Amino acid sequence: MLSTPNQTRLKILAIFVLAIFCALVVYPKLPVATPLESFWSKFKFRLGLDLQGGAHLIYNADTSQINQADKASAVNGVRDVIEKRVNAFGVSEPVVQTNQVGGDYRVIVELAGVKDVNEAIKMIGETPFLEFKEQDPNYTDGLTAEEKKQLDNYNLEAKKKAEDVLKKVLVSGADFAALARQYSEDSSAQNGGELGFVKRGQFVAEFDNVIFDKQQFPGVYPAVVQSQFGYHIIKKIESRGIGADEEINSAHILIKTKTENDFAQKDQWKNTLLSGKDLKRASVQFDTNTGDPEVSLEFNDQGKNLFAEITTRNVGRPVAIFLDGEPISVPNVREPIREGRAVISGRFNIKEAKQLVERLNAGALPVPITLIAQEKVGASLGQESLEKSLFAGLIGLIAVAVFMLIFYRLPGLVSVLALCLYTLVNLAIYKIFSITLTLAGVAGFILSVGMAVDANVLIFERLKEEMKSGRDLAASVEEGFKRAWTSIRDSNISSLITCVVLYWLGTSMVKGFALTLAIGVITSMFSAITVTRTLLKLFLVKNLKEKKWLFG
1 MLSTPNQTRL KILAIFVLAI FCALVVYPKL PVATPLESFW SKFKFRLGLD LQGGAHLIYN
61 ADTSQINQAD KASAVNGVRD VIEKRVNAFG VSEPVVQTNQ VGGDYRVIVE LAGVKDVNEA
121 IKMIGETPFL EFKEQDPNYT DGLTAEEKKQ LDNYNLEAKK KAEDVLKKVL VSGADFAALA
181 RQYSEDSSAQ NGGELGFVKR GQFVAEFDNV IFDKQQFPGV YPAVVQSQFG YHIIKKIESR
241 GIGADEEINS AHILIKTKTE NDFAQKDQWK NTLLSGKDLK RASVQFDTNT GDPEVSLEFN
301 DQGKNLFAEI TTRNVGRPVA IFLDGEPISV PNVREPIREG RAVISGRFNI KEAKQLVERL
361 NAGALPVPIT LIAQEKVGAS LGQESLEKSL FAGLIGLIAV AVFMLIFYRL PGLVSVLALC
421 LYTLVNLAIY KIFSITLTLA GVAGFILSVG MAVDANVLIF ERLKEEMKSG RDLAASVEEG
481 FKRAWTSIRD SNISSLITCV VLYWLGTSMV KGFALTLAIG VITSMFSAIT VTRTLLKLFL
541 VKNLKEKKWL FG
């Protein structure tokens, strides 16, 4: 078992390692390159809408035509569809959530980084569209014989055109730059085909081989060169440097060719007349034999007849269910289904089955969404708000540090060091766990700094009382922490309960405040009880013990 001095040294070492780790997470840019720099750099602050700028939209979901029991599921399905639509546009970390105000259901969408509100509205669109599709029997993978013939003819014409242009250069002595401006299908055409100086490896291999190896002197290469882009007529202009440093300036005329990808991609699915309006509802049920979750579909009278026709002609083949043009389920038909009820079975877990039901109901149940509020937050405004908040926080930290040093002297210095570590730990947590920082969240963090100092004040006041009662310094430190712990624990638990209630019942802005405050409260308990206590013990050396005035 370690002695008390050794335990203190071990704790000091652990605190030092923690401080270094958190500092690298918060500020990963090192003065010299290291193999771990990329690891530290992957942690980034995640800024909320009010700090990064973007669009804030509120939609009202009309659930008047839906049974009370199905309303929440239907609205969740709409939320899921909106989230998929937004993700398809590559918006970074969108926030899509639902909220119930009385009997009304709202869908709140926050799109950070989107500058155009109208673009955001267009992304989200309107009511989700559900449709059932069957495989097209005429579908073939790849090109048809006719399309392949068209492709070959087009590329032959491109080659002939390139050869004709090359003849104009070599035989007729036509100006290369003028021909490039007239015939080239590359963006360099406006510069007469000139590409500028490049090193080996910057162009495709076929092009590199000509300008670096085959064409030894400036001039036009006497053959058409084919690459993945088409046919090139290449002119070497000049070279400089030698060996690995050699650079060559060249020009070219590009006649593009086509590939199979240039033809319209064929869809293996063809539309049926069955759509979301024919689906009454979807629900989760469980297989009576295995207990596995399944998805049950129930159609109306029109849907019943259509579904019977579709399943009859597709026995043994899949029928795809599309939502907003994307397949969400592709079950195989085992037998004709004529009763208007179907079951999708598979290796679902509960979560997957519920998600599929929500998506199906989003396209089946009549849940029109109407935009009722919109707001654009400029990135510059968010940046200005962040800078002001950080400046206010910095001023607060400095003011608190000065107060602690004046009133508590050496313990005050210890609390300032603990406060610096507390700040680093909090910021590192925000980065590691990708916690979204909003203005309200920054306010919660700044408030938690005050609460962290409050814990130190309680400890130091108890320390002063113990010293006045005649105890020696070491005993006063131990007793001061013991007596202060109960008050610190109770006040922090009360604060955490408040944070939980705010996070549970509050809006997104209130949740940001509650989350950062809760993290700060938990971290402050560690900072006050572990860090401050360990650092104080570090100063319990003989010379300082005799100078009790240093302890307030």
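Start counting the sequence shown at 1; every next residue gets the next number (our numbering). Heads up, the beta-carbon is just placed ideally off N, CA and C, and yes, glycines get one too. Owing to the predicted nature of the structure, the values given are computational and were not obtained by experimental measurement.
Would you call the CB atoms of residue i and residue j closer than 9 Å?
i	j	result
Leu421	Ala72	no
Arg489	Arg462	no
Asp267	Asp136	yes
Leu297	Ala342	yes
Ala112	Leu47	yes
Thr257	Phe286	no
Leu323	Phe299	no
Ser239	Ile248	yes
Thr311	Pro327	no
Lys376	Val165	no
Leu437	Gly512	yes
Leu449	Leu390	Note on identity: in this sequence residue 449 is Val, with Leu being the wrong assignment. For Val449 and Leu390, no; Cβs fall outside 9 Å.
Tyr59	Val109	yes
Lys235	Phe176	yes
Ile321	Lys133	yes
Val515	Ala23	Checking the sequence shown, residue 515 turns out to be Leu, not Val. Not a contact, by the Cβ cut-off of 9 Å.
Ile459	Ala528	yes
Return the CA-CA distance between residue i and residue j, expressed in angstroms with no decimal places.
i	j	result
Thr151	Val225	First, the residue type needs correcting, since residue 151 is Leu and not Thr in the sequence shown. So the alpha carbons of these two residues sit roughly 19 Å apart.
Lys167	Ser329	57 Å
Leu273	Gln68	29 Å
Lys388	Gly53	16 Å
Leu254	Phe207	11 Å
Val75	Ser415	50 Å
Leu427	Leu517	12 Å
Ile519	Ile429	8 Å
Ala452	Gly102	39 Å
Gly325	Asp70	24 Å
Leu474	Arg409	Sequence inspection shows Ala at residue 474; the Leu mentioned does not correspond to that position. Each residue's alpha carbon lies about 17 Å from the other.
Pro218	Ile211	9 Å
Leu49	Pro368	26 Å
Leu397	Gln202	53 Å
Glu465	Ile432	41 Å
Arg200	Asn191	22 Å
What is the DSSP secondary structure of residue i, reduced to helix, strand or coil?
i	result
Ala567	What is shown of the chain runs 1 to 552, which leaves residue 567 out entirely.
Arg359	helix
Leu427	helix
Asn249	strand
Leu143	coil
Arg533	helix
Glu185	coil
Ile446	helix
Thr436	strand
Pro218	coil
Thr272	strand
Tyr59	strand
Asn349	coil
Glu339	coil
Glu83	helix
Gln68	helix
Gly196	strand
Arg483	helix
Arg46	strand
Arg471	coil
Arg240	strand
Can you say whether residue i is buried or exposed, counting buried as having 16 or more other CB atoms within 10 angstroms of its CB?
i	result
Pro94	buried
Thr534	buried
Leu16	The identity of residue 16 in the sequence shown is Phe, whereas the question assumes Leu. By the 10 Å Cβ count, Phe16 comes out exposed.
Tyr139	exposed
Leu536	buried
Arg334	exposed
Ser434	exposed
Ala251	buried
Arg347	exposed
Arg281	buried
Ala364	buried
Ser187	exposed
Asn492	buried
Any idea which residues DSSP pairs residue i with across the strands?
i	result
Gln100	Tyr105
Tyr231	Gln226, Ile255
Val210	Val210 pairs with nothing; no bridge assigned.
Val295	Val284, Ile344
Val609	Since the displayed the chain opens at 1 and closes at 552, residue 609 lies outside it and no answer follows.
Ile321	Phe132, Ser329
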